[in-house]
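Heads up, the thing below is written out as structure tokens.
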Amino acid sequence: MRNYFILIIFALTLSSCSSVKVITDFDSSANFSNYKSFAFSKSQIEKIEISDLDKKRILSSIENQMQSKGYVSSTNPDLIISIDTKSREDVYINRYNDYPYYGWFGPTMSTTYRPSSRIVGLLYIDIIDAKTGSLLWQSNGSGSLSSNKLSRDELINNFVSKLLETYPTN
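Our numbering puts the first residue of the sequence shown at 15, with every later residue one more than the last.
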């Protein structure tokens, strides 16, 4: 019983560290069981302004997730996967009230402002019908890139798995 309790606490701790915010939309009239294979949109991937290492990590993670859902990579695919990335810096101003003290003209209290910032990464995944060119499924997520202590591989894998979590299995 104690082992289960420790396992539950560990799982809750891991899930609380996950700060990826995901928005997903899809074509409700699409029959996802008709699709068996996928490929990446090479022209779109070349436009992305991130390091080649991060591109490889993202594509590899998407490929692994899609294969785990029963899809196969193909040169003649049913689905085209397009990705895009962006980043932004969020700046926060934290306000701290110091303890009140008695000054020359009576009691007083000071306020300290401390700016802080973090880099937020945005990843967009579009899944398109290869024959018709219509958008079937779309997911985008945002999450902190600077404060996470996970390795880059783990961070990207977690990010992509959250984005593709609701994509239907084949």
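By construction, the Cβ of each residue, glycine as well, lies at the ideal position given by its N, Cα and C atoms.
Every unbroken stretch of the alpha helix (DSSP H) spanning 4 or more residues and falling wholly within the region 27–83 is given here in chain order: 56–61, 66–82. Selection 169, 168, 145 evaluated against residue 52 yields 145 as nearest (Cα-Cα).
Taken atom to atom, the span from the alpha-carbon of residue 184 to that of residue 101 is near 32 Å. If you draw a straight line from the Cα of residue 179 to the Cα of residue 147, it comes to about 23 Å. When DSSP states are grouped into helix, strand and coil, residue 100 belongs to the strand group. Here residue 176 is buried. Its C-beta has 16 or more other C-beta atoms within 10 Å. The continuous alpha helix (DSSP H) containing residue 167 extends over residues 166–177.
Annotated three-state conformation of residue 85 is coil, per DSSP. Listed in chain order, the non-local C-beta contacts of residue 79 below 7 Å within the same chain comprise 174, 175, 178, local neighbours out to five positions each way being set aside. Between the region 68–85 and the region 120–134, the count of Cβ pairs shorter than 8 Å is below three; the stretches do not touch. Burial check for residue 166: the Cβ neighbour count within 10 Å stays below 16, so the residue is exposed. Here the region 134–144 makes contact with the region 89–97; the two share three or more CB pairs at distances below 8 Å. When only Cα atoms are considered, residue 64 and residue 125 end up about 40 Å apart.
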